[in-house]
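Participant: Take any residue in the sequence shown, note its place counting from 1, add 22, and you have its number in my numbering.
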Amino acid sequence: MDREHLPDVEFTKEELTYLQEHMNNQRASWFNYYEDLVEFGRTEDAKRAHDQYELCKSIRDKVYHMNGRDTLAPGNHEQRWWDQKLSLIHI
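#1: Can you list, in chain order, the residues of its chain whose CB lies under 7 Å from that of Leu59, leaving out five sequence neighbours each side?
#2: Quick check on the burial criterion: 16 or more other C-beta atoms within 10 angstroms. Buried or exposed for Met45?
#3: Within a Cβ cutoff of 6 Å, which residues of the same chain sit near Leu41, ignoring the five residues on either side of it in sequence?
#4: Between the alpha carbons of Phe53 and Thr39, how many angstroms are there, rounded?
#5: Output the boundary residues of the alpha helix (DSSP H) element that contains Asp67.
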């Protein structure tokens, strides 16, 4: 490894799927914790929990997009437009 050059990072589909699910679970956990803190009036702790939720959500969205998945899609089979194969019709 060269000290002047960072190695190129490549993820397998399995690695990206694992990261997606992990970050989605973390996002959901922080959101639930945030909601509990708000309910009990712990506003300062709730703000920190919300910041963690936003961080997890941001990372999750980036990892989803690296794999061509739409974070708002209803199922795992949905993909972003840039990952769809274009079909050209020749006349």
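Note that beta-carbon positions come from the ideal geometry of N, C-alpha and C, so glycine has one too.
Facilitator: Result, derived from the coordinates:
#1: For Leu59, where only same-chain residues beyond five positions count, the Cβ hits under 7 Å are Asp67, Ala68 and Ala71.
#2: So Met45 counts as buried.
#3: Counting only Cβ-Cβ distances below 6 Å, and skipping sequence neighbours, we find Val85.
#4: Their backbone Cα atoms lie some 21 Å apart in a straight line.
#5: Asp67 -> alpha helix (DSSP H) spans Thr65 to Met88.
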